[in-house]
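Residue numbers (our numbering): -1 to 339.
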């Protein structure tokens, strides 16, 4: 299998799908002449022309609304958000139109729309450009919410998103664009709602997604040195959520740590902790732990930004509490996130 970066996997999938289907079009701020803020759309304007790669004005409400209209008329628009933080300007279009038109029309009108772009923190873009907004969208019925963690997932899940019939919120993590990994050739697609067991283990379940998959695997390596085998589950999609894989794992390990980059209150980890309480309460030997980002606007200064993000040492501490053990942490960095206990 070829080795591609996360960015290259997304770009190559866009090209393959636009080659395959002439109804697939791309629009957004600076996707054409500038070739995308993170260069995901490099050379697509030259390849497909201005009727299929459309530079839009700085008006998120306008171009999301236009894309919804295009989808209603039979096209398959892909909108690139320069950053998901700007999607808040178009929140009404996404939540009240894209997510609900199929319901309003009694199933007569589908909205095959993909809205994609960088989400999350860790690249020193400060408070207004470093937010993890996945829980906001996962709360809304009518939307699929996708959080790829690897280049292979970026390709496989984006292909499924483009070929689907409903609006998809495709959240690429801003710090993963240069991350490389094996990507299957050909017409490779991944189903929504099927989590990955990224590492098998029988002592504690660690549930993570997006960039936190790698942080969780780092923590699992440290726990293994201490004789603790952690099972790491990578969710891949938040809506639909693969509850079965989570619950089956917790019933085996009897302990759970849920990791998210976003703020702690009312977040994804809270939803998953409640799911575990409802479906596997009798199997638990300890309270479910949450490891999250700090409940503050993201700082710009690099050293403080690092402290506000969850790190492997936070996960190790949380796992240790579920096991009622003292375990040395991987390094001397103070806790970068918030965790129970």
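Think of the CB as a built atom: it goes at the ideal place given N, C-alpha and C, for glycine as much as any other residue.
Measure how close the beta-carbons of residue 65 and residue 25 come, nearest whole angstrom, since I'm counting them as under 8 Å. Here residue 65 refers to the residue found at position 67 of the chain shown. Here residue 25 refers to the residue found at position 27 of the chain shown. The beta-carbon separation of residue 65 and residue 25, rounded to 6 Å, stays under the 8 Å limit for a contact.
Could you work out which residue in 154, 203, 209, 215 is closest to residue 189 when comparing CA atoms only? Counting from one through the chain shown, the residue named residue 189 turns up at place 191. Out of 154, 203, 209, 215, 154 has the C-alpha closest to the C-alpha of residue 189.
Exposed or buried, which one is residue 52 when buried takes at least 16 other CB atoms within 10 Å? On the chain shown, residue 52 is found 54 positions in, with the first residue counted as 1. Residue 52 should be labelled buried.
For residue 3, which residues does DSSP report across the bridge? Translated into the one-based positions of the chain shown, residue 3 becomes position 5. According to DSSP, which records beta bridges pairwise, residue 3 is partnered with 178.
Determine the DSSP secondary structure at residue 260, reduced to helix, strand or coil. The residue labelled residue 260 in the question sits at position 262 within the chain shown. For residue 260, the secondary structure class from DSSP, reduced to helix, strand or coil, is strand.
Compute the distance between the beta-carbons of residue 342 and residue 111, then report whether it is under 8 Å. The question about residue 342 has no answer, for the chain in this structure spans -1 to 339.
Could you check the C-alpha separation between residue 299 and residue 45 for me, to the nearest Å? As a working mapping, residue 299 is identified with position 301 in the chain shown. As a working mapping, residue 45 is identified with position 47 in the chain shown. Linking residue 299 to residue 45 through their CA atoms gives a straight-line distance of about 40 Å.
Quick check: what's the CA-CA separation for residue 71 versus residue 21? Working through the chain shown from its first residue, we reach residue 71 at position 73. Working through the chain shown from its first residue, we reach residue 21 at position 23. When rounded, the distance between both Cα atoms is 10 Å.
Can you tell me whether residue 332 is helix, strand or coil according to DSSP? Within the chain shown, numbered from 1, the residue matching residue 332 stands at position 334. The predicted position of residue 332 is uncertain, since its pLDDT is 46 and thus under 50; a value taken from the coordinates is nonetheless stated next. Coil, per DSSP.
What residue range is occupied by the uninterrupted beta strand (DSSP E) comprising residue 195? Taking the chain shown and counting its residues from 1, the one referred to as residue 195 is at position 197. For residue 195, the enclosing beta strand (DSSP E) stretches over residues 194 to 197.
CA-CA distance, residue 92 and residue 62? On the chain shown, residue 92 is found 94 positions in, with the first residue counted as 1. On the chain shown, residue 62 is found 64 positions in, with the first residue counted as 1. Rounded to the nearest angstrom, the two C-alpha atoms are 7 Å apart.
According to DSSP, what are the bridge partners of residue 14? The sequence position of residue 14 within the chain shown is 16, counting from 1. None, per the DSSP bridge assignment.
Hey, could you find the ends of the beta strand (DSSP E) residue 265 is sitting in? On the chain shown, position 267 is the one that residue 265 refers to. No beta strand (DSSP E) contains residue 265, which DSSP labels as neither H nor E.
For residue 79, count neighbouring C-beta atoms within 10 Å of its own C-beta (all shown protein chains included) and say buried if the count is 16 or more, exposed if not. Locating residue 79 in the chain shown gives position 81, where the first residue counts as 1. Buried: at least 16 other Cβ atoms inside 10 Å.
Within this structure, are the beta carbons of residue 147 and residue 237 separated by less than 8 Å? In the chain shown, residue 147 corresponds to position 149, counting from 1. In the chain shown, residue 237 corresponds to position 239, counting from 1. The criterion of a C-beta distance shorter than 8 Å is not satisfied by residue 147 and residue 237.
For residue 240, is the classification buried or exposed, using 16 other Cβ atoms within 10 angstroms of its Cβ as the cut-off for buried? Mapped onto the chain shown, residue 240 falls at position 242. Burial state of residue 240 is buried, judged by a 10 Å Cβ sphere holding 16 or more other Cβ atoms.
Roughly how many angstroms lie between the CA atoms of residue 207 and residue 4, to the nearest whole one? Your numbering for residue 207 matches position 209 in the chain shown. Your numbering for residue 4 matches position 6 in the chain shown. When rounded, the distance between both Cα atoms is 15 Å.
Taking Cβ positions, are residue 343 and residue 310 nearer each other than 8 Å? Summary: the structure shown does not reach residue 343, with the chain confined to residues -1 through 339, and so no result is reported for it.
With a threshold of 8 Å on Cβ separation, who are the neighbours of residue 142 within its own chain once the five nearest residues in sequence on each side are excluded? For the purposes of this step, residue 142 is taken as the residue at position 144 of the chain shown. For residue 142, where only same-chain residues beyond five positions count, the Cβ hits under 8 Å are 159, 162, 164, 165, 166, 167, 190, 235, 237, 238.
I'd like the list of long-range same chain contacts for residue 157, defined as Cβ closer than 6 Å, with 5 residues on each side in sequence excluded. Counting from one through the chain shown, the residue named residue 157 turns up at place 159. Cβ neighbours of residue 157 within its own chain (closer than 6 Å, five residues either side excluded): 11, 187.
Would you say residue 312 and residue 261 are within 8 Å of each other, going by their C-beta atoms? For the purposes of this step, residue 312 is identified with residue 314 of the chain shown, where counting begins at 1. For the purposes of this step, residue 261 is identified with residue 263 of the chain shown, where counting begins at 1. It is not a contact, given that the beta carbons lie outside the stated cut-off.
Nearest-angstrom Cα distance between residue 203 and residue 268? The residue labelled residue 203 in the question sits at position 205 within the chain shown. The residue labelled residue 268 in the question sits at position 270 within the chain shown. Going from the Cα of residue 203 to the Cα of residue 268 covers about 15 Å.
Please check the pair residue 248 and residue 281, which I expect to be a contact at CB under 8 Å, by giving their CB distance rounded to whole angstroms. Here residue 248 refers to the residue found at position 250 of the chain shown. Here residue 281 refers to the residue found at position 283 of the chain shown. The distance from the Cβ of residue 248 to that of residue 281 is about 6 Å, consistent with a contact at the 8 Å cut-off.
Which partner residues of residue 117 appear in the DSSP bridge assignment? Taking the first residue of the chain shown as 1, we reach residue 117 at position 119. DSSP output for residue 117 lists 171 as bridge partner(s).
Could you give the DSSP three-state label for residue 75: helix, strand or coil? On the chain shown, residue 75 is found 77 positions in, with the first residue counted as 1. DSSP places residue 75 in the strand class (E or B) of the three-state scheme.
Taking all protein chains shown into account, do 16 or more other C-beta atoms lie within 10 angstroms of the C-beta of residue 132, making it buried, or fewer, making it exposed? Within the chain shown, the letter at position 134 stands for residue 132. Residue 132 comes out buried.
Around the C-beta of residue 59, are 16 or more other C-beta atoms found within 10 angstroms, so that it is buried, or is it exposed? Translated into positions along the chain shown, residue 59 becomes position 61. By the 10 Å Cβ count, residue 59 comes out exposed.
So, helix, strand or coil for residue 212, using DSSP? Sequence index remark: in the chain shown, residue 212 carries index 214 (1-based). The answer is helix: DSSP assigns residue 212 an H, G or I state.
Would you call the CB atoms of residue 40 and residue 34 closer than 8 Å? The count along the chain shown starts at 1 and reaches residue 40 at position 42. The count along the chain shown starts at 1 and reaches residue 34 at position 36. The answer is yes: Cβ separation under 8 Å.
May I ask you to report which of helix, strand or coil DSSP gives residue 27? Indexing the chain shown from 1 puts residue 27 at position 29. Here residue 27 sits in coil by DSSP.
Along the chain, which unbroken stretches of the alpha helix (DSSP H) at least 4 residues long are found entirely within the stretch 226 to 254? As far as the stretch 226 to 254 is concerned, its whole alpha helix (DSSP H) runs of at least 4 residues are 241 to 251.
Which word fits residue 175, buried or exposed, when buried means at least 16 other C-beta atoms lie within 10 angstroms of its C-beta? Along the chain shown, read from residue 1 onward, the residue named residue 175 stands at position 177. Classification for residue 175: buried.
Tell me residue 204's beta-bridge partners as DSSP assigns them. Numbered from 1 along the chain shown, position 206 holds the residue referred to as residue 204. In the DSSP output, where bridge partners are listed per residue, residue 204 has 230, 255.
Selected residue, minimal CA-CA separation from residue 194, among 178, 229, 327: Here the question's residue 194 lines up with position 196 in the chain shown. That would be 229, whose Cα lies nearest to the Cα of residue 194.
Relative to the C-alpha of residue 273, which residue among 243, 283, 291 is closest? Numbered from its first residue, the chain shown carries residue 273 at position 275. The candidate whose alpha carbon is nearest that of residue 273 is 243.
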